[in-house]
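Here's the structure, in structure tokens; my notes come after.
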Amino acid sequence: MIPNEFTLFNQKWSIRTAIPGEMTEDLGQCRPDQLEVVLNHNQSTESIRHTLLHELVHCIEQKLHLEMTERQVDLIALGLIDLFRSNPELLELFEQGE
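Take the sequence shown: its position 76, counted from the start at 1, is 326 in this note's numbering, and no numbers get skipped.
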């Protein structure tokens, strides 16, 4: 289940599905001015997961003014997916807090 919101750099962002006709070509969009991520529902579950992580990388990249290319953002997202699927204990480490 995809959450409706997340916090990044002490800002609350929303995650929502695009309304019909809002997004015809993109699989997802990061909208930093509105603090939202919008996902196109016309994709498989696996594709939505990838798209969400791709857009979350965009959120970080844009807030830090990194000016990464789409390819760089996509490759970072793919790398994170593989890293956390291959090493779930890493996620547990960060879930523990301080």
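Heads up, the beta-carbon is just placed ideally off N, CA and C, and yes, glycines get one too.
*Exposed or buried, what is T257 when buried is set at 16 or more other beta-carbons lying within 10 Å of its beta-carbon?*
Residue numbering aside, residue 257 sits at position 7 when the sequence shown is read from its first letter. Exposed, since its Cβ has fewer than 16 Cβ neighbours within 10 Å.
*Is the CB-CB distance between H300 and T267 below 9 Å?*
Working through the sequence shown from its first residue, we reach residue 300 at position 50. Working through the sequence shown from its first residue, we reach residue 267 at position 17. Contact: no.
*Where DSSP assigns a beta bridge to I265, which residues make up the other side?*
Within the sequence shown, residue 265 is the residue found at index 15, counting from 1. Bridge partners of I265: V287.
_Nearest to T274 (by Cα), restricted to the options R281, F259, Q293, E286_ = Within the sequence shown, residue 274 is the residue found at index 24, counting from 1. Per the Cα distances, Q293.
_DSSP three-state label for L258, please._
Counting from 1 along the sequence shown, the entry for residue 258 is found at position 8. If DSSP states are grouped into helix, strand and coil, L258 belongs with the strands.
*Sequence-distant residues of the same chain with beta carbon closer than 7 Å to Q261, five excluded per side*: The residue you call residue 261 lines up with position 11 of the sequence shown. These residues qualify, in order along the chain: L285.
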